[in-house]
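Student: For reference, the structure I am asking about is given below.
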Amino acid sequence: MDIIELGEREAQEVFHELKYRLESTGYLPDEYFLMDSHWENGRTIPKGANIFCTTDYGASEGVYLDVYLKWYEDQKPVTKSFITGKTLGENGNDLDRMFLISSAITKAFHGDHATHTRFQKIGGVEDDTGGSVVHLSQQEQRTIINALVEQRERQEEAMTQTEQLLRRMTGSITAYINEVGMKPLRMCDYDKAVLAIRDGEMAAFTECAAKVPEHADALLVEAAGRPGLVGRNMTAMLLNGRTDVDYLSYCAACKKAIDRRGWE
């Protein structure tokens, strides 16, 4: 999965791109995830800024995740709050989950520098703030991945949650497709293109979209809703040289882009 770039971009765009990525993997805090008002109105992130997170219990309730930006001005460090997230639960498992979200944010901007077994939350229903966080060996990951793939094929209603878990465990759309392809793959090129949009995989999207030109308008609507540079590049690719875009699809794409970026 591509890392999110910080350098001298509009803070609001970076925020929406990060929020989209966390949401697509089921990693958004359940109470709120908000950008600090200091970064509104088109304010850009300073050149050379870095990002770091802190996680702790709140003074009265819940668990808080704070995301900060740090840079240097006149050779002096400057630190500003960027994003605050909060979860409703306040037990040890909730704290563990928020640390996992903090890790996901760090990896979104810095990448994953090693191949290792991951920590995963294996949960029940959405409002269950208990759950458990377990360390999975590679063999255990394989067992769960195979089970989830079979579940995905049988239970279309559980597809969203299943895809979130699969993508968290396999790391990228390429790995995801490779895994489900072993069952064997029962996914059309359009579905692959949509998953590539959600995962921000430009190469996979370009390859799959080229195979389904009859679905270009539907893919345009999907791509327009993905924030950040990758989403804009996907949208531009689908519009490049076209004069036959369906009017209703074009309007839907414009509305989705506005809604996603929160600029209405």
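Every number in the numbering used here is 18 more than the matching position in the sequence shown, counting from 1.
The C-beta atom is built at its ideal place from N, Cα and C for all residues, glycine as well.
The structure displayed is predicted, hence computed values, not measured ones.
From the DSSP secondary-structure annotation, give me the bridge partner or partners of S55.
Tutor: Per DSSP, none; premise fails for S55.
Student: In its own chain, which residues sit with a C-beta less than 7 Å from the C-beta of E79, not counting the 5 before and 5 after it?
Tutor: Within the same chain, E79 has close Cβ partners E108.
Student: If I follow the unbroken beta strand (DSSP E) through N68, where does it start and stop?
Tutor: That run of the beta strand (DSSP E) goes N68 to Y75.
Student: In the DSSP assignment, what are the bridge partners of L83?
Tutor: DSSP lists T73 and G103 as partners of L83.
Student: Grouping DSSP H, G and I as helix and E and B as strand, with all else coil, what is L203?
Tutor: Residue confidence is low: L203 scores 47 on pLDDT, short of 50, so the model does not pin down where it sits. No coordinate-derived value is stated.
Student: Can you list, in chain order, the residues of its chain with a C-beta nearer than 7 Å to that of V85? Leave out the 5 residues immediately preceding and following it.
Tutor: Answer for V85: I69, C71, F100, I101 and I123, listed in chain order.
Student: Taking three-plus beta-carbon pairs below 8 Å as touching, is the region 263 to 272 in contact with the region 30 to 43?
Tutor: Cβ pair count under 8 Å is below three, so no.
Student: Do C305 and A211 have their C-beta atoms closer together than 8 Å?
Tutor: A query on residue 305 cannot be resolved here, the shown segment of the chain reaching from 19 to 282 and no further.
Student: With a CB to CB cut of under 6 Å and the five nearest residues on each side skipped, what residues in its chain are close to D48?
Tutor: Counting only Cβ-Cβ distances below 6 Å, and skipping sequence neighbours, we find T105 and L106.
Student: Could you check what DSSP says for K65 in three-state terms: helix, strand or coil?
Tutor: Three-state DSSP puts K65 in coil, outside helix and strand.
Student: Just verifying my parser: in three-state terms, what is the DSSP assignment at Y208?
Tutor: Reduced to three states, the DSSP call for Y208 is helix.
Student: From which residue to which residue does the alpha helix (DSSP H) around Q30 run?
Tutor: Segment A29 to S42, the alpha helix (DSSP H) holding Q30.
Student: Label E91 either buried or exposed according to how many other C-beta atoms from any shown protein chain fall within 10 Å of its C-beta, with 16 as the threshold for buried.
Tutor: Exposed, because fewer than 16 other Cβ atoms sit within 10 Å of the Cβ of E91.
Student: Would a C-beta distance cut-off of 8 Å place M220 and V248 closer than the cut-off?
Tutor: Yes. Within cutoff.
Student: Can you name the residues that DSSP bridges to T97?
Tutor: Paired residue(s): K88.
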